[in-house]
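Undergrad:
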Amino acid sequence: MSDLNQQTHFGLVFENFLKSIPGVTGMIMLSILIILSVFAEFFSPNNPYKNNYDHIYIPPSKIHFLDENNNFSFRPFVYKRIEEYDLETFETFYKEDFSQKKNIRFFERTWEYKLFNLIPSNLHLFTLEDSSEPFFLLGSDKLGRDVWSRACLSGRISLTLSMLAVLSSVFIGSFVGILSGFYGGLTDWIIQRIVEIFTALPALPLWIALAALIPPYMDSFDVFMIMIFIFTLLGWTLTAREIRGKVMSFAKTDFINSAKEIGASDLRIIFIHIYPNCMSHIIVVSTLTIPQMILSEAFLSFIGIGIQEPMTSWGFMMKNAQSIETLGSHLWILSPVFFIIFAVLGFNFVGDGIRDAVDPYTVR
Amino acid sequence: MLFFFIKRILTSIPVLIGISLIAFTIIQLPPGDYANTYKNEIMTLGGVSESDADIMAQKLRVKYGLDKPVFTQYLIWIKNIITEGNFGYSFSYQRDVSELILERLPRTLLIALLAHAITTVIGILLGIYVARYKYSIFDNLITVTSYLLTSVPRFSLALIIYFVLVFHFDVKEVSSLYSPQYALAPWSFDKLLNLLIHIAPVVLIAGLGGLARNIRVMRGNLLDVINSQYIQTARSKGLKESKVIIKHAVPNALHPIIMYQGMIFPYMIEGELEAAIVLSIPTMAPMFYTAILKHDIYVAGSFLFVYGIMLLVGNILADLCLAWLDPRIST
Amino acid sequence: METVLEVTNLYKKFPYKTNFFGKTEKYLNAVNGVNFKLHKNEILGLVGESGCGKSTLGKTIVSLEKPSSGNSTINIDGEKIDLNSLDGKNFRKYKRYIRMLFQDPFTSLNPRLPVKDIIAEPLHVHYNYNKYQITEKVSEIMLKVGLDPNYMKRYPHSFSGGQRQRIAFARALIMYPKILVADEPVSALDVSIQAQIINLILQLKKEFQLSIIFISHDLSVVDLVSDRIAVMYFGEIVEIGDKKDIINNPKHPYTEALLSAVPIPNNNNELNNIKLTGELPSPLEKITGCVFSSRCAYSQEICKKKIPEFNNNIKKNHFYACHFDQNLKGINSYLEAND
């Protein structure tokens, strides 16, 4: 036997996963998002924490590589914009002044921030050479803050909230599911009834009702925790059902019987024999539930329930789009939706990749 | 079969009680009650002094029984529902909640059921088509599109459609169910058509995600079934390929879809909720939302309860369908 | 001969149908009053068709299932111990003396554990050895069953069927039990591997001084390995005796039918086996009369009415449950081929 046979199950699965195109693509997408979120300030030319009342609702800057004479320059640049009023509708719009070119610089040092809240730094990936000219990749919001920077920052809350909520749901759900599947009988029956009651509850209305209860003066961290709790409250049932099914399918097989015959305690059987065999299923269910959490959290934040200032999430950023007038004039407010789509696609791809990798029956 | 039906209903009763308890409890959770909101309102808007406002608020409390212990309030509420169909009183709308339910529930159901029906039927048909022409350009296109559709949050879809309708098509009546000329008119075919046109965006938004899921699931099931042995047997008998698929494969692949209906319906309800709140269509959802914010407990609690009942009924129907199709389950 | 295991009046019923309130209405009778003894250092072959209850009997003996009535006791150093009546600590103390070997080597090993942990499982459960002691013991036992200890960090999927069965043996024998219940240990293996494992069983029996109950549906395999044979039909033992007696002089019609059905390789004659006709009795109902009467070629009126007692006619060790004492050499091609 060659050394190939020494691979652990995890090694085999990982190898398989790398062969799956959606899986790898998803991994790359998620890595990009995570890097953007963690190093949000590095990727932000403007300070997302500071309000800037001079630059309210400014449309996205147009980046050019070709100038008006069709000369190509490697360094991207923008033109200075002049505010003008449309005399008929009284709306402001921006015209580019082709005489004034402003270059985009990379790895500049401008406004200060703290990396991981610890290490002070002022390095940014890209900024405009002239800081007086407003430079917004995705436009600015009601308080003059850069939408792009805020979106990167929002990733922190949106991603961690969803992942932690799923983690705790899965933790509780897998525990309940394993108990239900392994013991069967009365235990199973009782647990099933409880699961039924929880699944009969309408999720979104319940979340709205619960999240609306959070008093507005509550500390951000507490709000975060409560949101996780609210999502977990209904989220555990899905995992419980799935894991129960999986456990029941192999609870009667011989290796469990043999462990029983040897005299292993129930606890030992659960942790050493059952859990590891469910693990891949648990991971697949988790990665495929995270997108739902992201979407639900986005909606709740959008209608103003749950996440409040100073926290920010992708849904929260789009709150002002509720009024059609605002949306009509400032369409770029919706840009965080692309982050959401990117995240959801990423997790779905990774989940599909993992699911195919652990399933020995799919033809590669 | 009948026995199964009765058994199913009996096991639903504790679930129903559970839902009602939870619905009522949640609404009672925040400190204070409507009397407080009322007091604040008359103080700020009416300029009433605090002590006077207190007295008036207390009168309101006694009038609506808000001063009784919570569990008593719950029992009264339940008793009223069962004996009189009285779901309580809405403080902000000054009407009986049951009236509001009667007004709004049919619209929510109509939209949700329409969305459900359309996504199921179209989803199944498309699923069959793409399974048949697996890996063709049409299959890939549909797969990619449905993937994207499930990734877009439905409220943003609602916003985009809203935007397009208002700014590109100059539609001015997005938030209403009927054009003004039909609103109070008696029922006619034209009025029905008008209604359908108005709720089409909401149905679309609610349904698109479900459509994508149905296609994927149907495609997956059908592919599994097609690769199984009895299909190969049917082929070897010399049957035409399309007949093989329609007569043998599809009925068996449909089975998991029916089981799945129990999960699709809540998804439709949630989709309708998202779309309706964003577009302000007068169904249950926006009223529920405002009632929660305003602490209108009977509206919020009853609506939550009604949502729960809808889901429960949906589940029972799905189980019945399944039991009817698969005799293994009902015995 | 010293008795190492004794089964007395063992019954095992499974609830089959429960009514609305959870009370059991019907039972499935898997084991219907089984009595036998296992002697020291012998291999008792338990043979019967699929569904006759032999696996259930095996599981009850090793306490995987609790008997509905009756008991099975093992004899340890002169003490008679009923495992099913013991609690926790005592149970674990004596459980090490009787071990079970499972049928399918592909499902009886946890795919997520390396072989070393699989084999060492009994050690982890019963004792507290440190890492080195465990590695030592595992190596020792692996050598004895014919495996290379260098591979102990590998996972079950790296091994062939025969090797996996050896791993199962290692796990069963690592604590040096006195009794082994082997449930169809070779049924899932290729014929050529079967021979290897059978030799391994015989060798291990000598080395470990084991007493083995060898459960199988294949009479030719049982013939190779056993000292005594017990024939099981429908939850009951219908005949039991020394191997030579059973094979050469079967006294129960079912045994005769089993023997006649064994295919003989390189035999140009047609297989003249006894074809059993008739309906199987329902496992849910109580049986009147002889359990085999509905399919027996020799059945008479009395067979349907009266339960036959165990007769013991020819030799001291040969028992059979039939009303009649016949010379059943009729159609017995297996016998002829082996004469």
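Protein chains in written order, with the working numbering: chain A, 153 to 516; chain B, 27 to 357; chain C, 162 to 500. Every residue gets a Cβ at the ideal spot worked out from N, C-alpha and C, and that includes glycine.
1. Beta-carbon within less than 8 Å of V332 (chain B)'s beta-carbon, same chain only, minus the 5 sequence neighbours each way: which residues are those?
2. Count the other CB atoms within 10 Å of the CB of N247 (chain B); is the residue buried (16 or more) or exposed (fewer)?
3. Write down the C-beta distance between I259 (chain C) and I235 (chain C) rounded to the nearest angstrom, noting that I regard them as a contact closer than 8 Å.
4. Could you tell me which of B:V123, B:V178 and B:V170 sits nearest to G297 (chain B), measuring between CA atoms?
5. Using a C-beta to C-beta distance shorter than 9 Å, which residues of chain A count as neighbours of R325 (chain C)?
6. CB I303 (chain B) to CB P312 (chain B), shorter than 7 Å?
7. In three-state terms, what does DSSP make of V276 (chain C)?
8. How do the segment 458-472 of chain A and the segment 295-308 of chain A stand: do at least 3 beta-carbon pairs fall below 8 Å, yes or no?
9. By the 9 Å beta-carbon criterion, what residues does the segment 401-424 of chain A contribute toward chain C?
10. Answer with buried or exposed for Q252 (chain A), where buried requires no fewer than 16 other C-beta atoms within 10 angstroms of its C-beta.
11. Which whole runs of the alpha helix (DSSP H) in the segment 197-266 of chain B are 4 residues long or more, in chain order?
12. Measuring alpha carbon to alpha carbon, tell me which of B:L249, B:L348, B:I323 and B:A326 ends up nearest I154 (chain B).
13. By the 7 Å beta-carbon criterion, what residues does the segment 357-370 of chain C contribute toward chain A?
14. M445 (chain A) CB to nearest chain B CB: under 7 Å?
15. Go ahead and pull the three-state DSSP assignment for F29 (chain B).
16. Can you tell me where the beta strand (DSSP E) with G175 (chain A) in it begins and where it stops?
17. Just verifying my parser: in three-state terms, what is the DSSP assignment at A343 (chain C)?
18. Compute the Euclidean distance between the alpha carbons of G329 (chain A) and A473 (chain A), then round it to the nearest angstrom.
19. Considering H216 (chain A), what are the terminal residues of the alpha helix (DSSP H) in which it resides?
20. In terms of alpha-carbon separation, which member of B:S46, B:L299 and B:D165 lies closest to R3 (chain B)?
21. Residues in the same chain with beta-carbon distance under 6 Å from R456 (chain C), minus the five sequence neighbours each way, listed in chain order, please.
22. Listing by chain order, which chain A residues have their CB less than 8 Å from the CB of G334 (chain B)?
23. Check whether the Cβ atoms of F229 (chain A) and F258 (chain A) sit closer than 7 Å, and answer yes or no.
24. Could you check what DSSP says for T164 (chain C) in three-state terms: helix, strand or coil?
25. Hey, out of B:L337, B:Y315, B:N220 and B:N278, whose CA is closest to A350 (chain A)'s CA?
26. Are three or more beta carbon pairs between the segment 178-196 of chain B and the segment 225-233 of chain B nearer than 8 Å?
27. By the three-class DSSP mapping on this structure, what secondary structure does F501 (chain A) have?
28. Determine which residues share a DSSP beta bridge with V193 (chain C) and list them.
29. Considering only the beta carbon of each residue, do L225 (chain C) and V192 (chain C) sit closer than 7 Å?
30. For the segment 355-388 of chain A, list the alpha helix (DSSP H) runs that are entirely contained and at least 4 residues long, ordered along the chain.
31. Compute the distance between the beta-carbons of Y481 (chain C) and F453 (chain C), then report whether it is under 7 Å.
32. Would a C-beta distance cut-off of 7 Å place L304 (chain C) and G323 (chain C) closer than the cut-off?
33. Which chain B residues sit within Cβ distance under 8 Å of V489 (chain A)?
34. Using a 10 Å radius around the Cβ and a threshold of 16 neighbouring Cβ atoms, would you call D344 (chain C) buried or exposed?
35. Quick check on the DSSP output: the alpha helix (DSSP H) that includes D406 (chain A) runs from which residue to which?
36. Would you say E461 (chain A) lies against chain B (beta-carbon separation less than 7 Å)?
TA: Let me spell this out:
1. I127, L131 and M310
2. Looking at its Cβ environment, which holds 16 or more other Cβ atoms inside 10 Å, N247 (chain B) is buried.
3. 6 Å
4. B:V178
5. Those within 9 Å of R325 (chain C) in chain A number zero; the least Cβ separation is about 11 Å.
6. In contact: I303 (chain B) and P312 (chain B) (Cβ atoms closer than 7 Å).
7. Under the three-state reduction of DSSP, V276 (chain C) is assigned to helix.
8. Flag = yes, the segment 458-472 of chain A and the segment 295-308 of chain A touch.
9. F402, T405, D406, F407, I408, N409, S410, A411, K412, E413, I414, G415, A416, S417, R420 and I424
10. exposed
11. 206-209, 215-252 and 255-262
12. B:L249
13. none
14. no
15. In this structure, F29 (chain B) counts as helix in the three-state DSSP scheme.
16. G175 (chain A) -> not in any beta strand (DSSP E); alpha helix (DSSP H) instead, spanning I173 to V190.
17. strand
18. 41 Å
19. Where H216 (chain A) is concerned, there is no enclosing alpha helix (DSSP H), although the beta strand (DSSP E) it sits in stretches over H216 to L218.
20. In the structure as shown, chain B starts at 27 and stops at 357, and residue 3 (chain B) therefore has no counterpart that could be examined.
21. L437 and G439
22. A352, L353 and P354
23. no
24. strand
25. Reading off the sequence, residue 350 (chain A) comes out as Phe, not Ala. Residue B:L337 is the option with its Cα nearest to F350 (chain A).
26. Contact between the segment 178-196 of chain B and the segment 225-233 of chain B is present: 3 or more CB-CB pairs across the two stretches fall below 8 Å.
27. helix
28. For the sequence presented, residue 193 (chain C) should be read as Asn rather than Val. DSSP output for N193 (chain C) lists C:Y172 as bridge partner(s).
29. no
30. 355-363
31. no
32. no
33. For V489 (chain A), the chain B residues whose Cβ falls inside 8 Å of its Cβ are V178, P179 and S182, in order along the chain.
34. buried
35. D406 to I414
36. It does not: the Cβ of E461 (chain A) has no partner Cβ on chain B nearer than 7 Å.
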